[in-house]
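S.K.: Chains as they are written, first to last, in full-length UniProt numbering: chain A, 1 to 752; chain B, 1 to 752.
Virtual Cβ for every residue (Gly too), placed ideally from N, Cα, C.
#1: For a cutoff of 9 Å on Cβ pairs, would you count residue 283 (chain A) as touching chain B?
#2: Does the region 298 to 311 of chain A touch the region 657 to 675 of chain A, meaning 3 or more C-beta pairs lie closer than 8 Å?
#3: How many angstroms separate the CA atom of residue 281 (chain A) from the CA atom of residue 680 (chain A)?
#4: Looking at C-alpha atoms only, which residue of B:242, B:122, B:211 is the closest neighbour of residue 158 (chain B)?
#5: Does residue 512 (chain B) come out as helix, strand or coil in the three-state DSSP assignment?
#6: Which parts of the region 571 to 655 of chain A are runs of the alpha helix (DSSP H), unbroken and 4 residues or longer, counting only runs that do not cross its ends?
#7: Can you check whether the C-beta of residue 600 (chain B) is within less than 9 Å of a C-beta belonging to chain A?
#8: Have a look at A:509, A:748, A:385, A:404 and flag the residue whose alpha-carbon is nearest the alpha-carbon of residue 446 (chain A).
#9: Starting from residue 667 (chain A), trace the beta strand (DSSP E) both ways and give me its first and last residue.
#10: Using the beta-carbon count (16 or more within 10 Å), is residue 569 (chain A) buried or exposed?
#11: Taking residue 428 (chain B) as part of the alpha helix (DSSP H), name the residues at either end of that continuous run.
#12: Let me make sure I understand the geometry here. Which of A:507, A:386, A:411, A:515 has the alpha-carbon closest to that of residue 327 (chain A)?
#13: Would you mind stating whether residue 360 (chain A) and residue 296 (chain B) have Cβ atoms separated by less than 9 Å?
#14: At which residues does the beta strand (DSSP E) containing residue 267 (chain B) begin and terminate?
#15: Cβ closer than 9 Å: which chain B residues qualify as neighbours of residue 677 (chain A)?
#16: Return the CA-CA distance between residue 504 (chain A) and residue 419 (chain A), expressed in angstroms with no decimal places.
#17: Output the boundary residues of the beta strand (DSSP E) element that contains residue 344 (chain B).
#18: Under 9 Å between C-beta atoms, does residue 733 (chain B) make it to chain A?
#19: Looking only at its own chain, which residues have a Cβ that is under 7 Å from the Cβ of residue 628 (chain A), when we skip the five neighbours before and after it?
#20: So what does residue 518 (chain A) bridge to, in DSSP terms?
#21: Run through DSSP, which three-state label would residue 221 (chain B) get?
#22: Once the 5 residues before and after residue 689 (chain A) are set aside, which same chain residues still bring their CB inside 6 Å of it?
#23: Are the C-beta of residue 788 (chain A) and some C-beta of chain B separated by less than 9 Å?
#24: Starting from residue 319 (chain B), trace the alpha helix (DSSP H) in both directions and tell me its first and last residue.
#25: Name the residue from B:439, B:622, B:611, B:657 whose alpha carbon lies nearest to the alpha carbon of residue 149 (chain B).
#26: Could you work out which residues of chain A lie near residue 371 (chain B), taking near to mean beta carbons separated by less than 7 Å?
#27: Below 8 Å on C-beta distance, what does residue 665 (chain B) contact in chain A?
#28: Anyone know if the C-beta pair for residue 427 (chain A) and residue 698 (chain A) falls short of 9 Å?
#29: Do residue 724 (chain B) and residue 707 (chain B) count as a contact pair if the criterion is CB distance below 9 Å?
#30: Taking all protein chains shown into account, do 16 or more other C-beta atoms lie within 10 angstroms of the C-beta of residue 136 (chain B), making it buried, or fewer, making it exposed?
#31: So what does DSSP say about residue 554 (chain A), is it helix, strand or coil?
#32: Bridge partners of residue 539 (chain B), per DSSP?
#33: Would you check if the region 269 to 284 of chain A and the region 385 to 401 of chain A touch, i.e. whether three or more CB-CB distances between them fall below 8 Å?
#34: Which ranges would you report for the beta strand (DSSP E) in the region 681 to 743 of chain A if only whole runs of at least 3 residues count?
#35: Reducing DSSP to helix, strand and coil, say where residue 308 (chain B) ends up.
#36: How far does the alpha helix (DSSP H) with residue 757 (chain B) in it extend, from its first residue to its last?
See below:
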């Protein structure tokens, strides 16, 4: 193993594997993938697939592989840490949570033997299961499933650590507990809110240029000490994920989610979790409510809640946009606002050319609201972004780049932010687009951001990248997929290395907290990501790469970028793609490996293994049942309630208030409807609100303020009921339930 | 027949009937009633009941009875009109709608033969049914059902006319068309909104005292020319319903709703209506939307909508109440606001005695929101009216009568009204309670109303009378039920006869638009209303009378009161009881006879005959699916969508925002959730909003302003799309569908 650079470390891991097994696994994965592209009936057959064919069913071979993976993963992690330390030439800066984590590790008591006790958790009725812990499956199957789940978690932990994303302490401790080792926790870094009087657009505190050079190599940006090193292709040793290892890990997971015993086991565990919550609710509902009633001055209304998934171009409701258009016309009718084929037009002329008068406009003629026509029609839905069906109006009102420099769009967003500031307890994470069509998109976007000073303490920015390479390629905007990746990521690396070269972008990046990957997931590219896939700079066909291909390359670049930014003392980015809204379950698998958290996740319904893994890893899911109701799934069939009951970490988000909501407070509308239709208790609603804060890119300082100083601790210890209004009984129930599931897996892994 | 007084006219009608048939019918009705008190299984059996036993199945006898009823009803109506004219000593003042109605009658074309055509209805695809019109039942059954439905409609028309309540022109013309006669339309009268600068509390325009005397006789107030006539029991000839006739009519309807062929026929018609709407929607949805898009300046947001059912004591949302309490404490902590057992207390002392500090209060500790605990528990729900479970706080903040003269309650209501005025397009009809415990309740309530000037153009007042005689009797507050009725109605009659004797009450009554009857319908009194029931002044037992008994006596008094008020040139009152939220279907039957419109109506699900009759008579139903969701029926099982599709006239209302809603705009929340869960189109929502305006007690002037000058016409003629934003295609569909159903019945009635 090469200690100097982590990329070879990953390759080493790959090469240590039994290549025959990997080939087997790849073949199987391809078979599973093929089934995803077929219709439902065939898929049904495949789910009946005899798992005896699956290589990981050869239990000994499987376990051997796993041991190797576990061991090499640890050497690897150590290598990463060493290398990062070397890189920083200093003692590693502990994340703010470090101390707590160490502490909580000390108090963690053995899991199955006795229940942990906490301060201030009132007495409540617990559901205890005695007797056989193999949970109704054979001992062999039980052990097989547990080992698979354990390895899956180890895979996720590896990719989270590499990219400075989050992996829960509880799961991490459980892995360490099996492995008998310890590890450093690398946490993401968000920009603190400005101090009173501090200018969020200040460019003076930007760090100096160390002279590094960034170049894209096979779709992933590499950092070199200088141009000479770059020419010799001697990159700095930032630990980045390795392509071949990633595909091996992915193939392992593809096999795992189709593996019969694991499917049975996870399905049974999820059913149990559901029933357990129902019993808990029946027994302790009144006690939880009592805690909340006795909690002074805090109720659902003044709990902080974050709209964790919202697109900036649709963040105002339809009535707001309508009013804004009418108002802008009253003030600016004779202003030149548009240029069509070089001819400048006043707003009056523009509306005349559209045969419209703003006075007559209504929400009906505006036609931006999703209706029954958009159900299962994402294509029609996308057209709803055009007011009155006119792309000219979208350009004028909902774009950052137009004849008036995106002034109207900035004003609308600041009005939305003003409403949030007035509401005081509501925050939002709007997405702005970077397409990758052109290398100056970032400069334009950050110039818009700085010029209009689009900053609000209640907004945290996200960048969304649409998966529409095929469209750009067809129009010859980009020569190959690699160029698109370069346009998306290289400017960010450059502004990270030399902020003063593009201070506006450097400032903007301080306020960006993550990346999203967006588009219609139900479109199928027909491509499967494998070692045989062309590299991005070889991908010059018009066909779109697969979801997983996009996800991998975004993740890989973000991981390297975060390493670099961390070294530079800058904030890092989370990867928070749209995932599982529609399409194949493999999307959820790719994000299980790479994403800090996801939006939608509906398709977790279809895979018990992934659903259980999302539960174990406590991956936050920003759900938007009103959006789903208009696009993919009727409201009362939405799995939000089911996921919440089972203990998956769900939050509520609006997605597109312009298209889906009716009232002035879209986020409250979203909560109110969920509360009514799913009959959520106050405790449920506050728990969901708390999840939204944890999931968000709010800074450490804000999270401390909103959730309490111990918010990074898991379980009731980390819950400050005075701030969250979540009952300690609920927190204890969640924590004990999660620990119990881990304890079962531990038994299964050790049983061999 | 005695022409001088209508009461004997009713009796004459009764005496003309075959008494043996009536006895049969009563026996049958009692059997049906008995079944309502049993559990579901037994009810199922009864619905299988062999209708051969039903006297009205003896077809000839039935038809004879019906002819008699129809004929005598007409002589009766003529008598009423004559008597009213004589009474007024002048040409009868036509209702504002009179002219239109006459006109629309002229343009009404024969129903089955050809389709009516309208101006400005765009072309749309119609569903035409050709072939046998007996709709899949035997000819005998078809004719039998049609005759029963025809008679039922005639019964409703009679009771509506008597009380100056509404009966749709279309149905009325259909009855006339069969009978070949014509009738005058008596419409309700509402107080016009004050002119600019006019004081709504002005007492100078009240009419003088004609010296009449009002006395209660057998539960119904009678009007006498003077005290001497009263002593001789010679009442003025105000046409009032007759007790025996009412019971006969009721028994007929009880038999009808249990009659096999009618059940089959109506069930099939309703199924057809549902399917027809679905087809219409599929074919014309886009065309309807096109109309709305082309309709300038009007959309769902600026369509007028009325919250047709809301209780004043819960008309603010929980957060509003909480804020108000905190604010009042900041200002008034040292003010004497309460007196407990004669001891005066400041607000500070009051909160101390409750061991509370308002600063710590939260919506959780306030505990006024309905949750899962209230489902199917109306008793627990009622307790939610007490903030923090303390009746002291309910007294202080939510009562008109307390130590501070209801000041806080008046202030909160005015704040709610202010929000509605700001929203501009929203109106509400809050209910205030009159209990009938004491004869000075009206004086106190109207004094509160005048003192605090609780007037808003956006509020129309309703009086709700709780059905809790049993509680008052048990505590010996009233000696018998008659006294309770007297306390409820006599003061209103007196203020109507001599407004100057109680000018505050007379002014308040100008702003009252109707009466509501409220309480838990699922409680069963065990009493059945029949000729054998004790009269109200004989009803001195502690047991509560039945729902129908309450309804009859409220209706009878309102009918007489409206006759008197109409004669005096004053506004009349609508009877708009809570009905069909729970309990027996006979409640819906009683209200079919007596109520202008109802609240809830959920149980129409259980009786196809009544559901079809409510459709034919276009009886408005104020539905509150969010309230139901917390109390009686889960949201997605609510029949609102089904009723709406079938063509029943439904509106949306909040019932109790304090208990059920989360946002600042409860009515918009109600619409938004219905729109989302039921996937309502804009046209659906605007149709429901239009229904709410028609159902409400808004004045003629306001309805003209909000719906257009022709609003009293039915069908597309009466629809001004520029104001309602309801597509003409929809209006035409509704009107043609209704006419087609009537034409079928006409065929059935004539077929014999």
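M.R.: Looking at the coordinates:
#1: One-based indexing of the first chain puts residue 283 (chain A) at position 283. Not one chain B Cβ lies under 9 Å of residue 283 (chain A).
#2: With a cut-off of 8 Å, the region 298 to 311 of chain A and the region 657 to 675 of chain A count as touching, because enough Cβ pairs lie within range.
#3: As a first step, residue 281 (chain A) must be located in the first chain, where it is residue number 281. As a first step, residue 680 (chain A) must be located in the first chain, where it is residue number 680. Whole-angstrom Cα-Cα distance: 11 Å.
#4: Counting from 1 along the second chain, the entry for residue 158 (chain B) is found at position 158. Checking every option, the nearest Cα to that of residue 158 (chain B) belongs to B:242.
#5: Residue 512 (chain B) sits at position 512 when you count from the first residue of the second chain. The answer is strand: DSSP assigns residue 512 (chain B) an E or B state.
#6: Counting whole runs of 4 or more residues, the region 571 to 655 of chain A contains the alpha helix (DSSP H) stretches 586 to 594, 608 to 616, 625 to 631, 640 to 646.
#7: Mapped onto the second chain, residue 600 (chain B) falls at position 600. For residue 600 (chain B), the answer is no, since every Cβ of chain A falls outside 9 Å of its Cβ.
#8: As a position in the first chain, residue 446 (chain A) is number 446, starting the count at 1. Among A:509, A:748, A:385, A:404, the Cα nearest to that of residue 446 (chain A) is on A:509.
#9: For the purposes of this step, residue 667 (chain A) is taken as the residue at position 667 of the first chain. Run containing residue 667 (chain A): none in the beta strand (DSSP E); it sits in the alpha helix (DSSP H), 666 to 678.
#10: Residue 569 (chain A) sits at position 569 when you count from the first residue of the first chain. Taking all protein chains in view, the Cβ of residue 569 (chain A) is surrounded by fewer than 16 other Cβ atoms within 10 Å, so the residue is classified as exposed.
#11: Here residue 428 (chain B) corresponds to residue number 428 of the second chain, with the count starting at 1. Annotation for residue 428 (chain B): no alpha helix (DSSP H) segment contains it, though the beta strand (DSSP E) segment containing it runs 426 to 433.
#12: Start at 1 with the first residue of the first chain, and residue 327 (chain A) comes out as number 327. Distances from the alpha-carbon of residue 327 (chain A) to those of A:507, A:386, A:411, A:515 put A:411 closest.
#13: Here the question's residue 360 (chain A) lines up with position 360 in the first chain. Here the question's residue 296 (chain B) lines up with position 296 in the second chain. Yes, Cβ-Cβ distance for residue 360 (chain A) and residue 296 (chain B) is below 9 Å.
#14: Counting from one through the second chain, the residue named residue 267 (chain B) turns up at place 267. Per DSSP, residue 267 (chain B) lies in no beta strand (DSSP E) segment; the continuous alpha helix (DSSP H) that holds it begins and ends at 260 to 293.
#15: For this step, residue 677 (chain A) is matched to residue 677 along the first chain. Those within 9 Å of residue 677 (chain A) in chain B are 629, 634, 635, 636, 673, 676, 677.
#16: The count along the first chain starts at 1 and reaches residue 504 (chain A) at position 504. The count along the first chain starts at 1 and reaches residue 419 (chain A) at position 419. Approximately 26 Å, taken between the alpha carbons.
#17: Walking along the second chain from the start, residue 344 (chain B) turns up at place 344. Residues 343 to 346.
#18: Walking along the second chain from the start, residue 733 (chain B) turns up at place 733. No, because no Cβ of chain A sits closer than 9 Å to the Cβ of residue 733 (chain B).
#19: Indexing the first chain from 1 puts residue 628 (chain A) at position 628. Taken in chain order, the residues that qualify are 602, 638.
#20: Reading the first chain from its first residue, position 518 is the one you call residue 518 (chain A). Here residue 518 (chain A) is bridged, per DSSP, to A:466.
#21: Walking along the second chain from the start, residue 221 (chain B) turns up at place 221. Looking at residue 221 (chain B) - three-state DSSP - the assignment turns out to be strand.
#22: On the first chain, residue 689 (chain A) is found 689 positions in, with the first residue counted as 1. Non-local beta-carbon contacts of residue 689 (chain A) in its own chain, meaning distances under 6 Å to residues more than five positions away in sequence, involve 303, 305 in chain order.
#23: Any question about residue 788 (chain A) goes unanswered here, given that chain A covers just 1 to 752.
#24: Translated into the one-based positions of the second chain, residue 319 (chain B) becomes position 319. Residues 318 to 332.
#25: Counting from one through the second chain, the residue named residue 149 (chain B) turns up at place 149. Of the candidates B:439, B:622, B:611, B:657, the one whose C-alpha sits nearest the C-alpha of residue 149 (chain B) is B:611.
#26: Here the question's residue 371 (chain B) lines up with position 371 in the second chain. Within 7 Å Cβ-Cβ: 681.
#27: Walking along the second chain from the start, residue 665 (chain B) turns up at place 665. The contacting residues are 663, 664.
#28: Here residue 427 (chain A) refers to the residue found at position 427 of the first chain. Here residue 698 (chain A) refers to the residue found at position 698 of the first chain. Cβ atoms of residue 427 (chain A) and residue 698 (chain A): closer than 9 Å.
#29: If you number the second chain from 1, residue 707 (chain B) lands on position 707. If you number the second chain from 1, residue 724 (chain B) lands on position 724. Going by C-beta atoms, residue 707 (chain B) is nearer than 9 Å to residue 724 (chain B).
#30: Within the second chain, the letter at position 136 stands for residue 136 (chain B). Counting the other Cβ atoms within 10 Å of the Cβ of residue 136 (chain B) gives fewer than 16, which makes it exposed.
#31: As a first step, residue 554 (chain A) is located in the first chain; it is residue number 554 there, counting from the start. In the structure shown, residue 554 (chain A) sits in a helix (DSSP, three-state: H, G or I).
#32: Position 539 of the second chain, counted from the start, is the residue given in the question as residue 539 (chain B). Partner(s): none; residue 539 (chain B) has no beta bridge.
#33: No, the region 385 to 401 of chain A does not touch the region 269 to 284 of chain A.
#34: The region 681 to 743 of chain A contains no whole beta strand (DSSP E) run of 3 or more residues.
#35: Numbered from its first residue, the second chain carries residue 308 (chain B) at position 308. Strand, per DSSP.
#36: As shown, chain B starts at 1 and ends at 752. That puts residue 757 (chain B) outside it, with no answer to give.
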